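Chemist: Here the sequence shown is numbered in my numbering, starting from 1 and rising by one per residue. C-beta: ideal position from N, C-alpha, C; glycine also. Computed from a predicted structure; not experimentally measured. Dropping the structure in here first, questions after.
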Amino acid sequence: RDFFTTGDAMRIKIPFAKGQHLWLENHAKLHPLDEHIWSGKILGEGDTIANSAKGIYAYVEDIEGSRNVIFSALSNRANGIKVLHAGGNYDYQMYEDLPDLKNNWGNVMKSFRRLEANPISGTNNLYRFPYDKNKDGIIKIDPNYNSSRTEWYAPIFREEVRPDSFVNLYGSFGVYDARKAEGYVGPIAYRDGDYLDMSSNPMPLNYPRYDLKNKKLAPYVLNGLALKFSAIENSSDMLVEVRFESVKLCQDRRWAGDIELPNITKDERADLEISACTQLVLNKSGTTNRHVQTAAGDFINPTVLTVKKGATLHLKEKSKLILEDDTTLIVEEGGKIILDNRAEIIVQSKATFIVAEAVIQKHKGAKVIRLGQK
């Protein structure tokens, strides 16, 4: 039902997420006040702030499991919400050589280019772009949980929607201009026919916390949670179908980040099944995930996929798992990989595959190919 007029919301416990939940709110826009506070404001020539989108808003919450618990707004539970953008997560590039613009409010607008889809560890235009403003090799992080002064300066207002064509979408305000964004990005809200699962962008995963000492995010843990959103005829209500242990990857994808595959099914069934003729590429993220510069000159840790004890990674017929860049695939003791007929794991020259051969079950024509490696 409509959240604004009924107060109803849906909460789903995310498997393997240590108490985190996925919240869903259906904003059917039935009330005139269910609108962005800045909608209609003029920020410049041709720049009128659009309305917020109608549909289901989804966000991961890592604050508290009960409304009866009272805590300080200045505690480490502040800012424990991550909104999922139905338009997807991507890597972004900021054009530091282009001049900054300012709108009527004095907001500095840097120009951004959206790069590859990055469902797990990428970002979207709701979030600010972290960069090393003073070029000292450190993105300064204030550990204060409320009103911190972290060196995250750039909201993603202005995007290159086509080559050399920049548009002020103001996605970071949470609004959606269908005319300006046509063919480039969809709205934040989930609509009829949308879904969240192992194949979607983004995926319904945990919200990892950053470890300042070790300069890394906690792992993203695959969980088998799947949701499908459907309209109900002659109603503003939406139907949400929820499934657990949904482990199939059904379309070609590129994953990046620190990723763990646990024993989702709790038995001998596959915990990640790469469907027949489907390709999964693991490579380095293009999204900042550490605050100290690496030897490569970026702020990005390598990608790691760990198959945990009891978990099974199953490549169906003619599917491929490709390890690029300095990616590492680790199969822990008690983990297992199954390669069906003509399935392949391709380990490129800088990548690493750590596994005991005994835990790989190969069928006819299946291969582990190590390129440029002994």
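Below 8 angstroms on the Cβ atoms is my guess for Gly40 versus Glu61; work out the distance and round it to an integer in Å.
Modeler: About 30 angstroms; that fails the 8 angstroms criterion.
Chemist: Measuring alpha carbon to alpha carbon, tell me which of Lys140, Arg1, Asp237, Ile338 ends up nearest Glu268.
Modeler: Ranking Lys140, Arg1, Asp237, Ile338 by Cα distance to Glu268 puts Ile338 first.
Chemist: If you count every other CB in all the chains shown that lies within 10 Å of the CB of Tyr92, and 16 or more means buried, which is it?
Modeler: Burial call: buried.
Chemist: Go through the region 115-193 residue by residue and report every complete run of the alpha helix (DSSP H) that reaches 4 residues or more, in order.
Modeler: Listed in chain order, the complete alpha helix (DSSP H) runs (minimum 4 residues) inside the region 115-193 are 178-181.
Chemist: DSSP on Ala358, reduced to helix/strand/coil?
Modeler: Ala358 falls in the helix class under three-state DSSP.
Chemist: Around the Cβ of Asp271, are there at least 16 other Cβ atoms within 10 angstroms (buried) or fewer (exposed)?
Modeler: Answer is buried; the Cβ neighbour count reaches 16.
Chemist: Among residues of its own chain, excluding the 5 on either side of Val368, which ones have a beta-carbon nearer than 6 angstroms to its beta-carbon?
Modeler: Contacts found: Ile345.
Chemist: Using DSSP's beta-bridge definition, name the partner residues of Leu371.
Modeler: Paired residue(s): none; Leu371 is not in a bridge.
Chemist: Exposed or buried, which one is Val304 when buried takes at least 16 other CB atoms within 10 Å?
Modeler: Counting Cβ neighbours within 10 Å, Val304 comes out buried, since at least 16 surround it.
Chemist: Compare the Cα-Cα distances from His363 to each of Ser200, Gln348, Asn341 and report the closest residue.
Modeler: Considering only alpha carbons, the answer is Asn341.
Chemist: Can the beta-carbon of Ala256 be found less than 8 angstroms from the beta-carbon of Asn283?
Modeler: It is a contact, given that the beta carbons lie within the stated cut-off.
Chemist: State the DSSP-derived secondary structure class of Phe244, mapped to helix, strand or coil.
Modeler: In the structure shown, Phe244 sits in coil (DSSP, three-state: anything other than H, G, I, E or B).
Chemist: Could you give the first and the last residue of the continuous alpha helix (DSSP H) run that contains Phe16?
Modeler: No alpha helix (DSSP H) contains Phe16, which DSSP labels as neither H nor E.
Chemist: Can you tell me whether Gly106 is buried or exposed, with buried defined as 16 or more other CB within 10 angstroms of its CB?
Modeler: Exposed, since its Cβ has fewer than 16 Cβ neighbours within 10 Å.
Chemist: Excluding the 5 residues flanking Gly87 on each side, which residues of the same chain have their C-beta closer than 6 angstroms to its C-beta?
Modeler: Excluding positions up to five away in sequence, the list reads Val185, Gly186.
Chemist: Do the CB positions of Met94 and Tyr127 come within less than 8 angstroms of each other?
Modeler: It is not a contact, given that the beta carbons lie outside the stated cut-off.
Chemist: Would you report the Cα separation of Lys82 and Thr294, rounded to the nearest angstrom?
Modeler: Answer to the nearest angstrom: the Cα atoms are 26 angstroms apart.
Chemist: On the DSSP bridge assignment, give the partners of Phe4 in chain order.
Modeler: Note: Phe4 sits in no beta bridge, so no partner.
Chemist: Less than 6 angstroms between C-beta atoms, sequence neighbours within five positions excluded: which residues of the same chain meet that for Met10?
Modeler: These residues qualify, in order along the chain: Leu24.
Chemist: Assuming the contact rule is C-beta atoms closer than 8 angstroms, Tyr57 and Ile188 should be a hit. Round their C-beta distance to whole Å, please.
Modeler: Yes, they are in contact, since the Cβ atoms of Tyr57 and Ile188 sit about 7 angstroms apart, within 8 angstroms.
Chemist: State whether the region 236-253 contacts the region 192-208, with contact taken as three or more CB pairs (one from each stretch) at a distance under 8 angstroms.
Modeler: Yes: the two stretches touch, three or more of their Cβ pairs being nearer than 8 angstroms.
Chemist: Looking at the structure shown, is Met198 part of a helix, part of a strand, or coil, going by DSSP?
Modeler: The answer is coil: DSSP assigns Met198 none of H, G, I, E or B.
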